[in-house]
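Step one of this worksheet: look at the structure below.
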Amino acid sequence: MAFTNMLLQLGGGMITSVEIFLLTLIFSLPLGLLFSFGRMSRNRVVSNITKLYISIMRGTPLMLQLIVIYFGPFFLFKVDLGGFRFPAIIIAFALNYAAYFAEIYRSGIESMPVGQYEAAKVLGYQKGQTFFKIILPQVIKRILPPVTNETITLVKDTSLAFVLAQEEMFTVAKQIASSESNIMPLMTAGVFYYIFNLLVALGMERLEKRLNYYR
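Going by the numbering used here, the sequence shown opens with residue 22, and the numbers climb by one from there.
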């Protein structure tokens with residue numbers, strides 16, 4: 022197989038990997054914030070349920086979660102999700118990463134000095150205003166490093182979509198390598214992953230520098 026043709030096939034798989042990456046972030050970041058509120062809730066039922074959910078999602082392999090979400094409805098309710106492979110992948114990824122982001126949000130929120138809440142109350146801020154205008158911008162700055170680590174891990178985890186026969190980049194690379202008996206497609210995919218992660222890291226670093234005024 023010509024090198025150019027190989028790159029074109031890998032490029033097609035790369036588009037799928039990028040789609041999984043972006044859609045996971047779009048859904049998991051706000052969902053993680055919601056779960057962090059549940060985790061910090063004064064309602065013990067809500068707090069304990071959220072804590073259990075986070076524990077399960079962080080304590081079991083993402084690969085297993087993909088299988089359960091895709092095949093579970095069939096075994097439980099005889100509902101075939103054969104035509105919804107990609108949505109099932111996004112749901113599994115979003116729910117998994119939301120659990121990790123929830124703990125990152127929680128640690129950032131709980132690290133804020135109580136005095137800031139008290140000062141905001143004295144100034145007449147409502148609870149929602151205090152959180153979104155004063156607390157959250159500072160929390161975002163504090164949690165960027167661990168969020169960056171999770172996004173880098175997410176880039177590599179997109180390869181787990183192969184469990185549901187989704188042809189993302191790593192799956193395409195394995196198929197080409199197997200048919201051609203050549204390791205070059207896998208090495209090329211590795212370079213693609215590295216460049217992808219490098220761009221993510223540089224983007225997050227630039228964002229962190231722009232938020233330096235919150236210090």
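For glycine and all other residues, C-beta sits at the position ideal for the given N, C-alpha and C. Predicted model only: the values in this text are computed from it and were never measured.
Query	Result
Spatial neighbours of Ala109 in its chain, beta-carbon cut-off 8 Å, leaving aside the 5 residues before and after	Leu87, Ile90, Tyr91, Leu102, Leu185
Cutoff 8 Å; reference Ala198; Cβ partners in own chain excluding five residues on either side	Ile204, Met205, Pro206, Leu207
Rounded separation between Gly32 and Glu229 - CA only	30 Å
C-beta contact flag for Ile130 and Met61 at 8 Å	yes
Uninterrupted alpha helix (DSSP H) stretches inside the stretch 116-190 (no shorter than 4 residues)	135-143, 157-178
Buried or exposed (CB count within 10 angstroms, at least 16 for buried), Arg231	exposed
Where Val221 sits in the DSSP three-state scheme	helix
Top-ranked residue by Cα proximity to Val221, from Asn233, Thr37, Leu43	Leu43
Touching by the beta-carbon criterion (3+ pairs, under 8 Å), the stretch 110-123 and the stretch 49-60	yes
Run of the alpha helix (DSSP H) containing Leu83, from where it starts to where it stops	83-98
Per-residue burial, Ala115 [other beta carbons within 10 Å of its own, 16 or more giving buried]	buried
Burial state of Thr172, where buried means 16 or more other Cβ atoms lie within 10 Å	buried
Close-in-space but distant-in-sequence residues of the same chain around Lys177 (CB under 8 Å, 5 per side omitted)	Tyr214, Asn218
Identity of the residue in Thr192, Lys148, Ile75, Leu46 nearest Phe56 by Cα	Ile75
Cβ pair Ile112, Ile41 closer than 8 Å	no
Rounded straight-line distance, which links the Cα of Tyr146 to that of Ile156	12 Å
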